[in-house]
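According to UniProt numbering, the sequence shown holds residues 1 to 154 in order. Accompanying notes for the structure given below.
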Amino acid sequence: MFSGNFVMSSICFGSFATPQLASETSLANRTYPKSLKLHASLFDYPLASKIMVRNLSFSTSESRLLKELSYFGQIVDVKLIKDEVTKRSKGYAFIQFTSEDDAMLALEGMDRKYFDGRVIFVELAKPGNMLGGYPITSGPPKELNLSTQDESQE
């Protein structure tokens, strides 16, 4: 299915033979046990081909988004963001199109439109860091400023 180097408790990168296989693997992200975290992402598509949809109804599903937005072009991935504990939608999603033109059509056609009873906002997705939201640190602070109030008055 895909090739790559795998190391336990680490990050690996794989290559997919077709966009279809990449999409299937990406959709499988949510089917593994909690102890295993698979995060497949599609780097073969231009950054401007991914949109973010905000203010979604909490009842909106990935299949509903796929059905409605596929009118604007070929979609390879839909990721509705959900709370890890409650599994309830957080009200926003990312949709990966195969081309920038399709993403722009969806942005222009759906931004500030009613969808499932709410006005939604569509924008180009901004690049995230490779660490999946974990803070990037560069070590301990160079100098700690722990002066007391008495020392600062001197």
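Yeah, the Cβ is synthetic: ideal placement off N, Cα and C, and Gly gets one too. Please read all numbers here as calculations on a predicted model, not as lab measurements.
Contact check for isoleucine 95 against isoleucine 75 passes: the beta carbons are separated by less than 8 Å. A straight-line Cα-Cα distance of about 15 Å links phenylalanine 58 and phenylalanine 121. Excluding five sequence positions before and after threonine 60, the CB atoms of its chain that fall closer than 6 Å to its own CB belong to Asp116, given in chain order.
Rounded to the nearest whole angstrom, the C-alpha separation of leucine 69 and leucine 107 is 10 Å. Excluding residues up to 5 positions away in sequence, Arg88, Ser89 and Lys90 lie with their Cβ nearer than 7 Å to the Cβ of lysine 82 in the same chain. The three-state secondary structure of leucine 56, taken from DSSP, is coil. A direct Cα-Cα distance of roughly 23 Å separates glutamate 100 from tyrosine 114.
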